[in-house]
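Here our numbering is used: the first residue of the sequence shown is 27, the next is one more, and so on.
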Amino acid sequence: MAMINADLGQPLEAYVAKLVESGRYGSESEVLREGMKLIQDREMQLVALDAVIERGIGDSEAGRGNLAEDVFDRLEAKYHAMAGTKR
């Protein structure tokens with residue numbers, strides 16, 4: 027596998043060194059791998075979120091949604107009932 031050589035800049039390089047020196051990570055490579063895994067996870071979450079949004083838009087366009095006013099009315103009634111108050 028090809029090795030990637032990157033200039034992180036002084037602040038990030040110092041932070042990486044601090045993480046290794048603290049013993050939290052065994053090497054600079056370990057820190058960078060963990061960072062890349064976090065970015066990869068975030069990107070996958072964004073793809074999943076986009077899919078949910080698209081599905082919601084499709085449902086709304088097909089008339090399978092609920093009017094916001096109806097949803098808020100139900101929520102308001104629910105929370106008033108929980109609090110023992112009247113509208």
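Note that CB positions come from ideal geometry on N, CA and C, so glycine has one too.
Three-way DSSP call (helix, strand, coil) for residue i in this model
i	result
ARG100	helix
LEU75	helix
ALA88	coil
GLY35	coil
GLY61	helix
SER53	coil
LEU45	helix
Exposure label - residue i; buried when at least 16 CB within 10 Å
i	result
VAL78	exposed
Rounded C-alpha distance that separates residue i from residue j
i	j	result
ALA43	GLY82	45 Å
ARG29	LEU58	Residue identity differs from the one stated: residue 29 is Met in this sequence, not Arg. MET29 and LEU58: Cα-Cα distance of roughly 12 Å.
PRO37	SER48	16 Å
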